[in-house]
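Working notes, structure below.
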Amino acid sequence: MSTFRHPQATPSRNQTDFTMKAPKPPDRPLVPYMRYSRKMWSKVRAENPDAQLWDIGKIIGQMWRDISDADKAVYQHEYEIEKAEYEKAFKAYQNSHAYQQYINAKTRAKANEKSSRSRMEAGGVVIQPVDEEDAGNELSCRRLAAVRFDRNHRLIGDLFSPAIVTDTRTVVAQNRMDMLRKQAQSLSAHQNKLEEELVKLEEIHQEKKRQIEKGSEEFAENLKKVCEEKPQLDEAKYAELLEEMKTKLAEAYKEYKKKQDEINARLAAEREKIVEETPVLAELVMSEENDTDTVSKPPEKEEEPQKEEEEPPEKKKKEESEAESEEKPPAEEAK
1 MSTFRHPQAT PSRNQTDFTM KAPKPPDRPL VPYMRYSRKM WSKVRAENPD
51 AQLWDIGKII GQMWRDISDA DKAVYQHEYE IEKAEYEKAF KAYQNSHAYQ
101 QYINAKTRAK ANEKSSRSRM EAGGVVIQPV DEEDAGNELS CRRLAAVRFD
151 RNHRLIGDLF SPAIVTDTRT VVAQNRMDML RKQAQSLSAH QNKLEEELVK
201 LEEIHQEKKR QIEKGSEEFA ENLKKVCEEK PQLDEAKYAE LLEEMKTKLA
251 EAYKEYKKKQ DEINARLAAE REKIVEETPV LAELVMSEEN DTDTVSKPPE
301 KEEEPQKEEE EPPEKKKKEE SEAESEEKPP AEEAK
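Letter by letter, the sequence shown follows residues 1 to 335 in full-length UniProt numbering.
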């Protein structure tokens, strides 16, 4: 028996073909490791030009594990800031007019799809033998299963979309937050300590600077005072000072001679007293002195002419200058 079958309605093609695209959502922030990887990729690539991509990824992963928690905290801090900005941008995106239009259109498409599925069984007239009824039912069941399959996948996509299910990578654990809080406290304490040391060093520097400036000012004042008080000496003043020093030297020499005469007189008186008290001892002492004088005097008289002959005029001048220098102590006493 021939079979005549009307084409059944295909609502998934005619009515529920939802082609409207959602507006582009804001970009998700990169996690700390991806930030570090993006920053170090070019450097590691330059250091290992022959390495494969996965080898470079392994190297960067090892570098990420080796860096300190303080360095990781910097990337984590940047990620937290961008995450807060992303959440604000995503809320604004969900409240935008374009996104609302997309949601409304999507809702209408789902409603049309549901109504079309309810009318699917009554969509055509089939004239066929009773033994071929199973084939028609099998075809309609396949089409219905395909529609349900697409619907279920769309529902699953909606349920697990980023707007409903949060990314577990963006969730910060409590122990991680405690560790970051401790790191922040230690960094703030270290910063306060460094600031205190900087203040102390600044105070020490200012104190040394003040002392140097004070010493420089005192030196400048003393130098100016010395320059102002330096004596003005001319020929008349020099002659006057020379005459004054000559008179002082003469007076000092007279005083010196007078003291020497007094000392000699006192020694002579003491000697006479000794002679009167112990004449025998004095006679022996005088005889020994005379003997020594007689023994020592002739060679001196013989040597003196030789010395005088041998001494050049420069040596004589030197002896005269030494004699004058010996006479200077009385002058200093006079001063």
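In this text, a Cβ means the ideal position worked out from N, Cα and C, and glycines have one as well.
- Taking the Cα positions, residue 37 is about 13 Å away from residue 71.
- Following the DSSP letters along the chain, one finds residue 71 inside the alpha helix (DSSP H) bounded by residues 69-94.
- For residue 51, no alpha helix (DSSP H) segment is defined, and its DSSP state is neither H nor E.
- Contact between residue 142 and residue 79 fails: their C-beta atoms lie close to 49 Å from each other, not under 8 Å.
- A residue is called buried when at least 16 other Cβ atoms come within 10 angstroms of its Cβ; residue 272 does not meet this threshold and is exposed.
- The three-state secondary structure of residue 171, taken from DSSP, is coil.
- Straight across, the Cα-Cα distance linking residue 237 with residue 243 is about 10 Å.
- At a Cβ-Cβ threshold of 7 Å, residue 74 and residue 169 do not count as neighbours.
- Counting of Cβ neighbours within 10 angstroms places residue 203 among the exposed residues, the total staying below 16.
- Bounds of any alpha helix (DSSP H) do not take in residue 24, whose DSSP letter is neither H nor E.
- DSSP, read as helix, strand or coil, puts residue 160 in coil.
- The beta carbons of residue 92 and residue 23 sit no closer together than 7 Å.
- Three or more Cβ pairs closer than 8 Å define a contact, and the segment 42-55 falls short of that threshold against the segment 144-157.
- Apart from the 5 residues on each side of it in sequence, residue 53 has no Cβ closer than 6 Å to any other Cβ in its chain.
- Per DSSP, residue 232 lies in no alpha helix (DSSP H) segment and is marked neither H nor E.
- Under the DSSP assignment, residue 32 falls in the alpha helix (DSSP H) whose first and last residues are 32-47.
- If the five residues before and after residue 90 are omitted, its C-beta is found closer than 7 Å to the C-beta atoms of 25, 26, all from its own chain and listed in chain order.
- Taking residue 185 as the centre and dropping the five residues before and after it, the same chain places no C-beta closer than 7 Å to its C-beta.
- Taking the Cα positions, residue 233 is about 21 Å away from residue 249.
- Contact check for residue 29 against residue 87 fails: the beta carbons are separated by 7 Å or more.
- Within the same chain, and ignoring the five residues on either side of residue 56 in sequence, the residues whose Cβ sits closer than 8 Å to its Cβ are 41, 44, 45, 48.
- At a Cβ-Cβ threshold of 7 Å, residue 64 and residue 33 count as neighbours.
- Collapsing the DSSP output to three states places residue 29 in coil.
- Contact annotation, residue 183 with residue 69: C-beta distance approximately 6 Å; criterion of less than 8 Å satisfied.
- Taking each of 259, 76, 94 in turn and checking the Cα distance to residue 161, the smallest one comes out for 94.
- Rounded to the nearest whole angstrom, the C-alpha separation of residue 279 and residue 264 is 21 Å.
- Counting every other CB atom within 10 Å of its CB across the protein chains shown gives residue 274 a total below 16, marking it as exposed.
- In the displayed model, residue 247 falls within a helix according to three-state DSSP.
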